[in-house]
Amino acid sequence: WALPALLIAALTYGFAKRVRIYDAMVAGGRDALSVATTIVPYLVVILVALGMFRASGALDWVVGWIDPLTSRIGVPAEVLPMALMRPLSGSGALGVMSEIIEAHGPDSFIGLLTCTLMGSTETTFYVLAVYLGAAGVVDGRHALFCCLAGDTAGFFGAVAACHFFFG
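In our numbering, the protein residues as written are -5 to 161.
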């Protein structure tokens, strides 16, 4: 009920202010299209780099390198590819998560932790590339640090919550 109410309120407000609503929506669509054409190169770079990272075996190498550290806090190695992929690509992480759930089951600890991690972290590099690229920000190092700190907090929070609730 909230969405139709919001739509009716916006239309009523537009009529009251004598805004040509259809023309305003067309102008908004035109602006959105110009923003989309600005963003596409950033998206292409992220997706190509991600494909190269995964296809080269670098993801598996990184997982093998950090597994001894993360296994000490109760993070199974099977979860790490999704956790590493998530800041880079939501669709890539979703694909990895689907493979993990297919292999281990949705009700296994690995499946539950994978799903919790998916919801607790963000596609940091994708978001930064899109929003900072669209805004024309050249130096986003502080934003990157803050986003990665949030992802780290989400990672450890998800691990703690899964161990607490699912043991």
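Glycine included, every Cβ here is placed at the ideal spot set by N, Cα and C.
Go ahead and pull the three-state DSSP assignment for residue i.
i: threonine 117; result: coil
i: valine 13; result: coil
i: glycine 86; result: helix
i: serine 102; result: coil
i: valine 124; result: helix
i: aspartate 145; result: helix
i: valine 69; result: coil
i: aspartate 25; result: helix
i: glycine 130; result: coil
i: glycine 161; result: coil
Please tell me whether residue i and residue j are closer than 8 Å, where the distance is taken between their beta carbons.
i: leucine 107; j: alanine 71; result: no
i: tyrosine 125; j: serine 83; result: no
i: valine 90; j: proline 100; result: no
i: phenylalanine 149; j: leucine 111; result: yes
i: proline 81; j: threonine 32; result: no
i: alanine 143; j: leucine 122; result: no
i: leucine 78; j: valine 56; result: yes
i: histidine 157; j: glycine 22; result: no
i: phenylalanine 103; j: phenylalanine 47; result: no
i: glycine 86; j: leucine 37; result: no
i: alanine 128; j: valine 34; result: no
Quick one: give me the first and last residue of the alpha helix (DSSP H) that residue i is part of.
i: aspartate 61; result: 52 to 64
i: proline 81; result: Counting along the chain, proline 81 falls outside any alpha helix (DSSP H), and DSSP gives it neither H nor E.
Does the segment 129 to 141 come into contact with the segment 87 to 95, if we say contact requires no fewer than three beta-carbon pairs (one atom in each stretch) closer than 8 Å? The segment 129 to 141 makes no contact with the segment 87 to 95; the number of CB pairs closer than 8 Å stays below 3.
Three or more beta-carbon pairs under 8 Å between the segment 107 to 117 and the segment 57 to 64, yes or no? Below 8 Å, too few C-beta pairs join the segment 107 to 117 and the segment 57 to 64 to call them touching: fewer than three.
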